[in-house]
């Protein structure tokens, strides 16, 4: 995936960290599933760096919000890019417990399984119907594949207002 290699090279050169999230991270956490974009989690304070770099690569921003930006590129061989923007403290916490994996010749950091579940629960809290089935399945698979206690999962579900998912998946 050439776009990941390019972004990774630029980010490492400038010492600007990122976390790979979304479908590619799910694959690296052991749940193979289709994905059609590249999802990165970055610091809000570094959002302008990422935007400048992505725009310079020929991408266009088609959706911008204070917590995410979505980019598309001309040409079918270019993956769309979604940036999730988080406060620096949140990013540092996720990075500190991240897992290093290899993807397309790049050494990337992905959130731990627990943090991926928290990110999925946070997304589900927004009540976007188009995300419900996919994110719920991702959570179920992460719980199946990784050692996460019922108590820890319950705390996360309570924090993000989705205790219904705890009731659905408790073991």
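Residue numbers (my numbering): 135 to 305. Where a beta carbon is used, it is the ideal one built from N, C-alpha and C, also for glycine. In this text the structure is predicted, and so the values were computed from the model without any measurement.
Leaving aside the five residues before and after residue i along the sequence, list all residues of the same chain whose C-beta is less than 7 angstroms from its C-beta, in chain order.
i: residue 241; result: 234
i: residue 239; result: 139
May I have the straight-line CA-CA distance separating residue i from residue j, to the nearest angstrom?
i: residue 253; j: residue 191; result: 28 angstroms
i: residue 214; j: residue 148; result: 22 angstroms
i: residue 244; j: residue 154; result: 5 angstroms
i: residue 179; j: residue 222; result: 7 angstroms
i: residue 145; j: residue 152; result: 8 angstroms
i: residue 306; j: residue 249; result: Nothing about residue 306 can be read from this structure; the chain reaches only from 135 to 305.
i: residue 306; j: residue 276; result: In this structure the chain extends from 135 to 305, so residue 306 is not present and cannot be described.
i: residue 173; j: residue 202; result: 10 angstroms
i: residue 265; j: residue 283; result: 25 angstroms
i: residue 140; j: residue 207; result: 14 angstroms
i: residue 247; j: residue 225; result: 15 angstroms
i: residue 293; j: residue 300; result: 11 angstroms
With a threshold of 6 angstroms on Cβ separation, who are the neighbours of residue i within its own chain once the five nearest residues in sequence on each side are excluded?
i: residue 164; result: 279
i: residue 273; result: 251 and 254
Within its chain, find whatever has a CB closer than 8 angstroms to the CB of residue i; leave out the 5 residues flanking it on each side and keep chain order.
i: residue 261; result: none
i: residue 135; result: 172, 213, 237 and 238
i: residue 197; result: 203 and 204
Count the other CB atoms, across all protein chains shown, that sit within 10 Å of the CB of residue i; report buried if there are 16 or more and exposed otherwise.
i: residue 177; result: buried
i: residue 232; result: buried
i: residue 158; result: buried
i: residue 267; result: exposed
i: residue 189; result: exposed
Taking 8 angstroms as the CB-CB cut-off, is residue i touching chain B?
i: residue 276; result: The chain inventory of the structure shown lacks chain B, comprising one protein chain alone.
Since residue i contacts residue j with CB under 8 angstroms, what's their CB separation in whole angstroms?
i: residue 271; j: residue 296; result: Contact flag wrong, Cβ pair sits at about 14 angstroms.
Looking at the strands, I want to know which residues DSSP matches up with residue i.
i: residue 241; result: 236
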